[in-house]
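A.B. asks:
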Amino acid sequence: MNFEFRVINQNHIEQLWDLSLELKEEKAGVHFVSIDSKEDIEKMLEDPDIYLFGAFEKEQLIGAFSARRGKGNKRHSCHIAAAFTKACRGKGISQKLMDYALGHLKQEGIWMIRAYVYSYNKASVASLLSCGFTCSGTVHKLQWNEKEGRYIDDLIFHKDLSCQ
1 MNFEFRVINQ NHIEQLWDLS LELKEEKAGV HFVSIDSKED IEKMLEDPDI YLFGAFEKEQ
61 LIGAFSARRG KGNKRHSCHI AAAFTKACRG KGISQKLMDY ALGHLKQEGI WMIRAYVYSY
121 NKASVASLLS CGFTCSGTVH KLQWNEKEGR YIDDLIFHKD LSCQ
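Right, dumping it as structure tokens:
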């Protein structure tokens, strides 16, 4: 498989919407399921504090990465999220997209990267750890998860790009 990474723009709205619908259908616990319309994507693209990056295979969006920059005296930081089509998970694409996105964020002056991940999401935890993130805390029993049949924790990860 040959992948290309680039900034998501207006030309990718339909594909990002399709990815969001796929994630909603499988009831994935990721940020992209909160997208309710193509207009939501347009608003994200217009917001200067939201950065969207994509992994593409033959012009088809197979994964997305978002970063929301902090406001005011928190502009040095952002919260990130990523999601991939079911067919493209487990192939090491997330680490490559993460490296691409973090390079762009660092150029924008963002050096403290944070991610919140549900404790049952082993793939995301492994991906973050392999990219040099540190687990810095837990929000215990954050919410009930029907799929898991239990309360789940939110794990807090961070990476300091100023040390690199």
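At position 73 of the sequence shown the residue is numbered 73 (the UniProt record's numbering), and the sequence of numbers has no breaks. Glycine is no exception: its CB is placed at the ideal position from the N, C-alpha and C atoms.
#1: Using the Cα positions of Met-112 and Phe-133, report the straight-line distance between them to the nearest angstrom.
#2: If distances are taken between C-alpha atoms only, which option among Gly-90, Gly-137, Lys-71 comes closest to Ile-156?
#3: Give the single residue among Lys-147, Tyr-118, Leu-128 whose Cα lies nearest to the Cα of Gly-92.
#4: For Asp-153, name the three-state secondary structure that DSSP assigns.
#5: By Cβ distance, which residues of its chain are closer than 7 Å to Arg-69, with the 5 residues on each side in sequence left out?
#6: Which residues bound the beta strand (DSSP E) around His-104?
#7: In the structure shown, what three-state DSSP assignment does Asp-160 receive?
#8: Among Asp-154, Ile-35, Gly-103, Arg-150, which residue has its Cα nearest to the Cα of Val-160?
#9: For Cys-78, name the three-state secondary structure that DSSP assigns.
#10: Express the C-alpha separation of Phe-65 and Lys-96 in angstroms, rounding to a whole number.
#11: Using the three-state DSSP reduction, which class does Ala-126 fall into: helix, strand or coil?
#12: Expressed to the nearest angstrom, what Euclidean distance is found between the alpha-carbon atoms of Phe-3 and Leu-23?
#13: Give me the Cα-Cα distance between Lys-106 and Lys-58, rounded to the nearest whole angstrom.
#14: For Lys-27, which three-state DSSP category applies?
C.D. replies: Considering the structure as presented:
#1: Position 112 of the sequence shown, counted from the start, is the residue given in the question as residue 112. Position 133 of the sequence shown, counted from the start, is the residue given in the question as residue 133. The straight-line gap separating the alpha-carbon atoms of Met-112 and Phe-133 is approximately 11 Å.
#2: As a first step, residue 156 must be located in the sequence shown, where it is residue number 156. The alpha carbon of Ile-156 has as its nearest neighbour, out of Gly-90, Gly-137, Lys-71, the alpha carbon of Gly-137.
#3: Numbered from its first residue, the sequence shown carries residue 92 at position 92. Per the Cα distances, Leu-128.
#4: Your numbering for residue 153 matches position 153 in the sequence shown. In this structure, Asp-153 counts as strand in the three-state DSSP scheme.
#5: Residue numbering aside, residue 69 sits at position 69 when the sequence shown is read from its first letter. Asp-49, Arg-75, Cys-78, Ile-110.
#6: Here residue 104 refers to the residue found at position 104 of the sequence shown. Counting along the chain, no beta strand (DSSP E) covers His-104; the unbroken alpha helix (DSSP H) around it starts and ends at 93-107.
#7: In the sequence shown, the residue the question calls residue 160 occupies position 160. In the three-state scheme derived from DSSP, where H, G and I count as helix and E and B as strand, Asp-160 is classed as strand.
#8: The residue given as residue 160 occupies position 160 in the sequence shown. Looking at the sequence shown, residue 160 is not Val but Asp. Cα-wise, what sits closest to Asp-160 is Gly-103.
#9: Here residue 78 refers to the residue found at position 78 of the sequence shown. Three-state DSSP puts Cys-78 in a strand.
#10: The count along the sequence shown starts at 1 and reaches residue 96 at position 96. The count along the sequence shown starts at 1 and reaches residue 65 at position 65. So the alpha carbons of these two residues sit roughly 11 Å apart.
#11: Within the sequence shown, the letter at position 126 stands for residue 126. Ala-126: helix per DSSP, three-state reduction.
#12: Position 3 of the sequence shown holds residue 3. Position 23 of the sequence shown holds residue 23. Cα to Cα, Phe-3 sits roughly 21 Å from Leu-23.
#13: Sequence index remark: in the sequence shown, residue 106 carries index 106 (1-based). Sequence index remark: in the sequence shown, residue 58 carries index 58 (1-based). Across the structure, Lys-106 and Lys-58 are spaced so that their CA atoms are roughly 27 Å apart.
#14: Within the sequence shown, the letter at position 27 stands for residue 27. In the structure shown, Lys-27 sits in coil (DSSP, three-state: anything other than H, G, I, E or B).
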